[in-house]
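Reviewing the structure listed below.
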Amino acid sequence: MDKVIIRLQNIHIEFDDETIIENLNLDIKDKEFVTLLGPSGCGKTTTLRTIAGFVTPDRGDIIFDGVRINDLPPHKRQVNTIFQKYALFPHLNVYDNIAFGLRINKTPKEEINKKIHEILDIVNLKGYHKRSVDSLSGGQQQRVAIARALVNNPRVLLLDEPLGALDLKLRKDMQIELKRIQKQMGITFVYVTHDQEEALTMSDTVVVMKNGLIQQIGKPKDIYDEPANAFVADFIGESNILSGTMIRDFLVNFDDAEFVCVDKGFGENTPVDVVVRPEDIAICDPDKGAIKAVVKIVTFKGVHYEMIAQSKNYSWKIHSTQYQPEGSQIGMNIIPEYIHIMKKEAGTAN
Amino acid sequence: MKSRVIAVPYVIWSGIFIIVPTLFVGYFAFTDSNGTFTFENISKIGKYANVFGRSIVYAAVATVLCLIFGYLLAYFMAHLKEHQKSLCLVLLMLPMWINLVLRTQALQNILMDNGVINRLLGLLNIPSLKLLDTSFSVVLGLIYNYLPFMVLPIFTSLEKLDNKVIEAAQDLGANSVNVFTKITLPLSMPGVYSGIIMVFIPCLSTFVISEKLGGGKVYLIGNVINDMFNQNYNFNVGAAISLVMMLIMIITLVVFGFLDDETKEGIL
Amino acid sequence: MSKAFSRIYIFLVFFFLYAPILLLIFFSFNSSNSNVAFNGFSLRWYEELFHDEEILRALLNTLIVASLASVISTIIGTAAAIGLSNFKKWKKKAIMNITYIPVLNPDIITGISLLLLFVAFNIPGGFITVLIAHITFDIPYVILAITPRLRHVDSHLFEAAQDLGATPVNAFFKAVFPQLIPGIVSAFLMAFTLSIDDFVVTFFVRGNAFSTLSTVIYTITKRKIPLSINALCAIMLLCVLTVLIAVNIFDKRKSREEFK
């Protein structure tokens, strides 16, 4: 799991005078489940397509298993792609779709047969080999696309938002399926999505991207607990982000209150961004809280209540299993570990 | 909106002016000038068997040549940039809207013994060729008139090809030859069938092109029908021959997948 | 490399398609009556064209027939398309198959079958038979142009209009019809062009006295060929070009609007 199988080095891609990817450096380790996460237009799909060979970088190198493959056309690369809308061959049935890559490689007939029935088993589509593509549901087409790619035993599988077209329940089931298949076959997965919950659920490593630049790389829990900047904090999970002042190490002031925190190294009286997760706020009696606020809106979300509470300076989002009626006064407390301090980013709301 | 009765005028019209005339073709084919039932007309068709054969050959040759040159054109056009594509489409459709007689006349002028081609050859000191009134000129005329009819449906089906499917094939290891033979060509077949139908049938039934460019030396089944109806006024044999032509046409339609909805839509 | 080949090939094919016609038009400006030797620039053939009674009468006939036929066929065809969409499956299929007959039939068969009909009922060839023939082959194209558009019409608007108080007829004309207008316009234009352009069908049903532009061109080119025919070709090409460009611009503008 520590060997680097794909290295993207100083990748720079421009299109129509616009910079899509800016000086990207990324190491993908063998057998890892890596997710490229970010909003539309952040460059994650372009990065994926660069690995696949459908996009040529203006500068930089793509190194696969130690070999520079910039000039290798897509059909010669040892990666396979799962496309967003599956791109199944409409004129071929399930069997022939999956067999496509094997036949190009001149695999003998009996071996093809064996491999296809094995892979159909793995993706839970046993017995579907004669079906036509348009008779399948979205989820089934999805699995044919996966089978078609995996049957060729690629070193790396690239997945371009493959679950986007599925309904919620199916998506969640498929996330577990994909993770299981990845572990079972020991293949490196490079996964692209804009859904942060999906990224956190499935990945070994998450790469957060914005405007062609990598914002943070890390394990899901690390990114969630320690976002590197306001963008990541805002994009991953829900956050309250507001301006504050770092009085000195371990002490910060925000929303007219002073809090002990666990960050240091920001200097004295430095303006900073403060991030607090909604579920990390403890509600108490108004006189016992560091911040006083009035509950404006309460929504029942199933797992918890989501409350918007207006303090003197800020509209707080709170997740709690305790119900507080609209209009009531509450006090809020936050323990030091749950306060995240970040360098001030231009354009953060107060 | 949910009304059905507003379609009635058309139903009546189509009954009188589509179904009845078709039935009349059958009626005239199987009766003589007095109205009595007879097989005589059908037996007279035998005389024209070689004309039928010739027409089929000419139509087939023209269709195959249109297919080869037309598929190439459609393929290249489908790979152009958007604005170039629209320009080519307009240029392709324009000749279709010019009168058939004028188009054929234009070609005739070029092929004449002292026409532009022979004059150019003369400049290069090449002896003039007899280009007109030959099988060559008729086939050329057929291709000249009907090539766009082959290109358009093929172009449409190539356009509809999802580029992602091509990328998927490349992703799975297909080089450009593989992509063409395994993906592009099979998926463009509905367009090819449409094109074949839209070229073969008009070629088979032409009389203007064979008359103008064949000069009486190339006598096709369309000319026979024309003579029967406009000169000899032998409606009965004419109807019988038309019946056979309709039969050939139906066979062509069935063979090339008229029954397949995708091809049907492609024709339009 | 293959890009260059593709450009050259496309150019060659279009050259092949256009050279004869462009040459024809080139010689329309010839001062002498020759299709092979150019003797100097002149507009005499255009002048002769405008004085040629035979051609002018045929042109008038053509315009009248085409206009009438396209209007009538658009009305009947649009009504048919809407009505047919409500037919039961088998009836609809049967009638659609009948509708395909004039489309798929070679022109010559359409022509002679109508001729036989007129002969059987002793209807002499002339304006009426030509008009009937044109309507007959125009309607199917109108139906086939409008039917796919019907699928895209939002029938919820029809219901919404009634919900707000409109009678079904009113609701149709105010809510559904406007959506169909582009389809109706293009169907009308298609029918009109088909009628202007038609030769074979008209040729068989016209009888002896009635000529349209295409039949008159045929008769004239069978005799000695004056260059006024070339001039006619040039003008027709110009008209078609204008219409096609206009349609293209109209289409592009429409899709830009829809995109907004």
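So the protein lines, in turn, are chains A, B and C. The working numbering numbers the first residue of the first sequence as 1 and each following residue consecutively. The working numbering numbers the first residue of the second sequence as 1 and each following residue consecutively. The working numbering numbers the first residue of the third sequence as 1 and each following residue consecutively. Where a beta carbon is used, it is the ideal one built from N, C-alpha and C, also for glycine. Only a predicted model underlies this, so the values are computations on that prediction, with no experimental measurement involved.
Quick check: the segment 40 to 54 of chain B against the segment 129 to 139 of chain C, are there 3 or more CB pairs under 8 Å? By the Cβ criterion, the segment 40 to 54 of chain B is not in contact with the segment 129 to 139 of chain C, since fewer than three pairs of Cβ atoms, one from each stretch, lie closer than 8 Å.
Counting only C-beta atoms, is Pro186(B) closer than 9 Å to chain A at any point? Interface with chain A (9 Å Cβ-Cβ cutoff): Pro186(B) is included.
Cα separation between Gln231(B) and Leu102(B)? If I take the Cα positions, the gap works out to 23 Å.
DSSP beta-bridge partners for Asn230(B)? According to DSSP, Asn230(B) bridges with nothing at all.
From Leu220(B) to Ala99(A), what distance separates their C-alpha atoms? Each residue's alpha carbon lies about 50 Å from the other.
At least 3 beta-carbon pairs within less than 8 Å: the segment 222 to 238 of chain C vs the segment 149 to 165 of chain C: no
Which residue's Cα is closest to the Cα of Leu120(A): Val295(A), Tyr95(A), Glu110(A) and Pro108(A)? Tyr95(A)
Do the CB positions of Glu306(A) and Pro278(A) come within less than 9 Å of each other? yes
Considering Thr31(B), what are the terminal residues of the alpha helix (DSSP H) in which it resides? Counting along the chain, Thr31(B) falls outside any alpha helix (DSSP H), and DSSP gives it neither H nor E.
With distances taken from CA atoms, which of Phe26(C), Ser42(C), Ala58(C) and Glu47(C) is nearest Ser211(C)? Ala58(C)
What residue does the alpha helix (DSSP H) around Asn61(C) start on, and which one ends it? Glu53 to Ser85
Would you say Pro21(B) faces chain C, with C-beta separation under 9 Å as the test? yes
Coarse secondary structure for Leu72(A), derived from DSSP in three states: Residue state, collapsed to three classes: coil.
Over what stretch of residues does the alpha helix (DSSP H) that includes Val8(B) continue unbroken? Per DSSP, Val8(B) belongs to the alpha helix (DSSP H) from Val8 to Ser14.
Completely contained alpha helix (DSSP H) runs for the segment 57 to 95 of chain B, where each covers 4 or more residues: 82 to 93
Hey, could you find the ends of the alpha helix (DSSP H) Met249(B) is sitting in? Phe235 to Val255
What number of angstroms, rounded off, separates the C-alpha of Asp255(A) from the C-alpha of Ile335(A)? 15 Å
C-beta neighbour in chain B for Arg148(A), strict 9 Å: yes
For Lys179(A) and Thr252(B), I'd like the C-alpha separation in whole angstroms. 53 Å
Between the beta-carbon of Val208(B) and the beta-carbon of Leu100(B), is there less than 9 Å? yes
Taking 8 Å as the limit between beta carbons, can you name the residues of its chain near Arg206(C), skipping five residues before and five after? The answer, listed in chain order, is Gly125, Gly126, Thr129, Val130, Thr212 and Thr215.
Please determine whether the Cβ atom of Leu89(B) lies at a distance below 8 Å from any heavy atom of the ligand SAH. Judged by which ligands are present, the structure shown has none, so any question about the ligand SAH falls away.
Gly60(A) at chain B interface by Cβ criterion, 9 Å: no
Among the residues of its own chain, which have a CB less than 6 Å from the CB of Val103(C), if the five just before and after it don't count? Excluding residues within five positions, the ones whose Cβ falls inside 6 Å are Pro140.
Report the option in Gln184(A), Gln141(A) and Leu102(A) whose CA atom is closest to the CA atom of Asn80(A). Leu102(A)
From this set, Gly214(B), Tyr193(B), Ile18(B) and Arg119(B), which residue's C-alpha is nearest Tyr100(C)'s C-alpha? Ile18(B)
Whole-Å CB distance - Glu326(A) paired with Ile297(A), under 8 Å assumed: About 7 Å separates the two Cβ atoms, so the contact holds.
Can you pull the chain B residues whose beta carbon is under 8 Å from the beta carbon of Tyr9(C), in chain order? Leu72, Leu73 and Phe76
Contact residues within the segment 109 to 120 of chain B, judged by C-beta distance below 8 Å to chain F: Checking the listed chains, one finds no chain F in this structure; the protein chains it contains are A, B and C.
Mapping DSSP to helix, strand and coil, what is Tyr191(A)? Annotated three-state conformation of Tyr191(A) is strand, per DSSP.
Determine whether the beta carbon atoms of Ser157(B) and Ser128(B) lie at a separation below 9 Å. no
Closest to Gly302(A) by CA distance: which of Lys312(A), Trp316(A) and Thr321(A) is it? Thr321(A)
Determine the chain C residues that contact Arg4(B) at a beta-carbon separation under 7 Å, and present them in chain order. Listed along chain C are Gly83, Asn86 and Phe87, each with a C-beta nearer than 7 Å to that of Arg4(B).
So, with DSSP's three-state summary, where would you put His91(A)? coil
How many Å lie between Ala293(A) and Tyr323(A) at the Cα? 15 Å
Helix, strand or coil: how does DSSP classify Arg248(A) here? strand
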